[in-house]
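Peer 1:
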Amino acid sequence: MQRRHFLQTASSATGAALLAVHAPGWAQAAANPAASASERIVVLVELKGGNDGLNTVVPYTDPAYYQMRSAIAIKPEDVLRIDSRAGLHPELKALLPLWEQNQLAIVQSVGYPQANLSHFRSIEIWETGSKADEYLGNGWVTRGMQAGFAARSHYTTEGVLVGVNDFGPLAGARAVALNNPEAFVNQARFASAQQAVGSAALQHVLRVEADISQAAQGLRADKFAFSTVFPQGAFGNSVRAAAQVLASQRGKGGVPVMLLSLGSFDTHQNQLGTHANLLRQLAEGLAALQSAFTELGAWDRTLVMSFSEFGRRPRQNNSNGTDHGTLAPHFVAGGAVRGGLYGQAPDLTRLDATQNAAYSTDFRQLYATVAQQWWGVKPEAVVGTGFTPVPFLRT
2 MQRRHFLQTA
12 SSATGAALLA
22 VHAPGWAQAA
32 ANPAASASER
42 IVVLVELKGG
52 NDGLNTVVPY
62 TDPAYYQMRS
72 AIAIKPEDVL
82 RIDSRAGLHP
92 ELKALLPLWE
102 QNQLAIVQSV
112 GYPQANLSHF
122 RSIEIWETGS
132 KADEYLGNGW
142 VTRGMQAGFA
152 ARSHYTTEGV
162 LVGVNDFGPL
172 AGARAVALNN
182 PEAFVNQARF
192 ASAQQAVGSA
202 ALQHVLRVEA
212 DISQAAQGLR
222 ADKFAFSTVF
232 PQGAFGNSVR
242 AAAQVLASQR
252 GKGGVPVMLL
262 SLGSFDTHQN
272 QLGTHANLLR
282 QLAEGLAALQ
292 SAFTELGAWD
302 RTLVMSFSEF
312 GRRPRQNNSN
322 GTDHGTLAPH
332 FVAGGAVRGG
342 LYGQAPDLTR
352 LDATQNAAYS
362 TDFRQLYATV
372 AQQWWGVKPE
382 AVVGTGFTPV
392 PFLRT
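Residue numbers (our numbering): 2 to 396.
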């Protein structure tokens, strides 16, 4: 049996945890006014299924947008205008305070060459930071760890996945997946480090269980009494769990990376209502995350970044939805973020043979920014050469 199967087996032993082992440590990075690199946090938010960028950041003055989307376009009077040409979907109103505080950056037209429109393959490309025709084993975050910034032993665990079962960007790292901290701690007690003579496979499973149990003990803490009001629903619960994990690490090693997920954004039909509900959950969840992390004194050392396997086509389909596309805007938020619009808006007058617009920012430029300006490691070690960072961080 393969290693992935044994990791899944170990996960079932606790019912709430999944853990990968044996990732190298991180080395110290250059200081940032917000915090030293070893204290910084990255929160990745996956918009699962492929978010529709044009109805997220709306080109409300572009006639081509309204011509292509007669049934699903956001009306100009409903748009939350952030400049003379672009505005946010009305259900993103909870993000406006972040925008007004210059702590929300929006990177437009993010994609990559030779885009793959398969859910499975494209998210793998985003998670590993690979080329379209390249297959990498480790996640892009894990390569950042391998490039170094603080000793591995400094952290309770190298990453926490909340409501997510696939390690994705953390593939190859010593990471823990949980639905909520209480269930994780309570069920991790069933994992034991018994010896299994003569079975290398079983010994591996038990080593994984032992690491799960050790990480669970590191996350054990009295529940922090937040004044933040967390939104109802699965994503709100994930944000609450992430905040409790962070609270449990006060005065301890910390957790440098958290991964949350919201979806599905795969809106092939009747998009308007589904998409509005998802964007409301996203905005309210991120607003609550800012509030909770601020309570913990951690917002200035936190970087939140969205990602998704692809966007949607500019033209609506016959089911009042949108099909798989090649680009989308992405959000970056945090106390050290330089807010504003980055990159070029999609040019809807110049579509390619697949009826998609051309991307202007390679997604690996976002990763290069995190590597160089947040972690203080060479971006080449994470995404290779040729990817210019986007200046959305204050230095």
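Glycine residues also receive a C-beta, built at the ideal position from the N, C-alpha and C atoms.
As the structure is a prediction and not an experimental result, all values here were calculated from the model.
1. Taking buried to mean at least 16 other C-beta atoms within 10 Å of its own C-beta, is Y156 buried or exposed?
2. Only counting runs of 4 or more residues, tell me where the alpha helix (DSSP H) segments fall wholly within the region 223-287, in order along the chain.
3. How many whole angstroms separate the CB atoms of A299 and T229, which I take to be in contact at a CB cut-off of 8 Å?
4. Should G173 and G140 be called a contact, given that it needs their Cβ atoms to be closer than 8 Å?
5. Spatial neighbours of N271 within its chain, please: CB distance less than 6 Å, with the 5 preceding and 5 following residues excluded, ordered by chain position.
6. CB-CB under 8 Å to D134, same chain, minus the five flanking residues each way: which ones, in chain order?
7. So is K49 buried or exposed if we call it buried at 16+ other beta carbons inside 10 Å?
8. With 16 other CB atoms within 10 Å as the buried threshold, where does S119 fall?
9. May I ask you to verify whether the region 122-134 touches the region 77-93, counting CB pairs closer than 8 Å and requiring at least 3?
10. Between L45, R82 and N278, which lies nearest to F266 when the distance is taken from Cα to Cα?
11. Taking all protein chains shown into account, decide if P380 is buried (16 or more other Cβ within 10 angstroms of its Cβ) or exposed.
12. N319 and H269 - do their beta-carbons sit closer together than 8 Å?
13. Measure the alpha-carbon distance for I75 versus A334 and round it to whole angstroms.
14. Check this for me: beta carbons of P170 and L287, under 8 Å apart or not?
15. Using 10 angstroms around the beta-carbon of N166, count the other beta-carbons present and answer buried if the total reaches 16, otherwise exposed.
16. Less than 8 Å between the beta carbons of Y360 and S110, yes or no?
17. Could you pull out every residue in the same chain whose Cβ sits closer than 8 Å to the Cβ of E92, ignoring the five residues on either side in sequence?
18. On a CA-only basis, which of S309, R175 and R241 is nearest K224? Give me that one, please.
19. Which residues bound the alpha helix (DSSP H) around Q366?
20. Near P77, what residues of its chain come up, given a Cβ to Cβ distance below 7 Å and the 5 sequence neighbours on each side ignored?
21. Below 8 Å between beta carbons: does that hold for V338 and F393?
22. Report all residues from its chain with a CB closer than 7 Å to the CB of T143; omit the five preceding and five following residues, and keep chain order.
23. Would you kindly report the start and end of the unbroken beta strand (DSSP E) that includes Y343?
24. Identify the continuous beta strand (DSSP E) that holds G160 and give its terminal residues.
25. With C-beta atoms as the reference, is L45 less than 8 Å away from F332?
26. Going by CA-CA distance only, name the one from T370, G341, G340 and A38 that's closest to G149.
27. What residue from E47, A36, R41 and E40 has the CA that sits closest to V306's CA?
28. Should R241 be counted as a contact of the ligand MG given a C-beta to heavy atom distance under 7 Å?
29. Is it right to say N103 is buried, meaning 16 or more other beta carbons lie within 10 angstroms of its own, or is it exposed?
30. Beta-carbon within less than 7 Å of F227's beta-carbon, same chain only, minus the 5 sequence neighbours each way: which residues are those?
31. Going by the CB atoms, is the gap between S71 and G164 shorter than 8 Å?
32. Which residues bound the alpha helix (DSSP H) around T143?
33. Near V43, which residues of its chain fall below 6 Å by C-beta distance, leaving aside the five closest residues on each side in sequence?
Peer 2: The structure says:
1. A buried status is given to Y156, since no fewer than 16 other beta-carbon atoms sit within 10 Å of its beta-carbon.
2. Runs found: 235-249.
3. Contact between A299 and T229 fails: their C-beta atoms lie close to 13 Å from each other, not under 8 Å.
4. Against a cut-off of 8 Å, the Cβ pair of G140 and G173 comes out as a contact.
5. Cβ neighbours of N271 beyond the five flanking positions: N321.
6. Closer than 8 Å at Cβ, skipping near neighbours: Q115.
7. By the neighbour-count rule (16 or more Cβ atoms within 10 Å), K49 is buried.
8. With fewer than 16 neighbouring CB atoms inside 10 Å of its own CB, S119 falls in the exposed class.
9. The answer is no - the region 77-93 does not touch the region 122-134, with fewer than three Cβ pairs under 8 Å.
10. Looking from the CA of F266, the closest CA among L45, R82 and N278 belongs to N278.
11. Burial call: buried.
12. Not a contact, by the Cβ cut-off of 8 Å.
13. I75 and A334: Cα-Cα distance of roughly 24 Å.
14. Cβ atoms of P170 and L287: not closer than 8 Å.
15. By the Cβ neighbour-count rule, N166 is exposed, with fewer than 16 other Cβ atoms within 10 Å of its own.
16. Judged by their CB atoms, Y360 and S110 are nearer to each other than the 8 Å cut-off.
17. Setting aside the 5 residues that flank it on each side, E92 is surrounded in the same chain by A277, N278, L280, R281 and A284, each with a C-beta closer than 8 Å to its C-beta; the list follows chain order.
18. Considering only alpha carbons, the answer is R241.
19. Annotation for Q366: the continuous alpha helix (DSSP H) segment containing it runs F364 to T370.
20. Only Y61 meet the Cβ criterion.
21. Taking 8 Å as the Cβ cut-off, V338 and F393 qualify as a contacting pair.
22. Its chain contains A24, L171, A172, G173 and A174 as the residues whose beta carbon lies nearer than 7 Å to that of T143, once the 5 sequence neighbours on both sides are disregarded; these appear in chain order.
23. Per DSSP, Y343 belongs to the beta strand (DSSP E) from G341 to Y343.
24. Note, G160: beta strand (DSSP E), G160 to V163.
25. Contact: no.
26. Cα-wise, what sits closest to G149 is A38.
27. For the sequence presented, residue 306 should be read as Met rather than Val. Looking at the Cα atoms, E47 is the closest of the given residues.
28. This structure simply doesn't include the ligand MG, nor any ligand for that matter.
29. Per the 10 Å Cβ criterion, exposed.
30. Cβ contact annotation for F227 (same chain, cutoff 7 Å, sequence separation greater than five): A244, A293 and E296, in chain order.
31. Judged by their CB atoms, G164 and S71 are not nearer to each other than the 8 Å cut-off.
32. It spans W141 to A148 - the alpha helix (DSSP H) in which T143 sits, taken as one unbroken run.
33. So the qualifying residues of the chain are V258 and L304.
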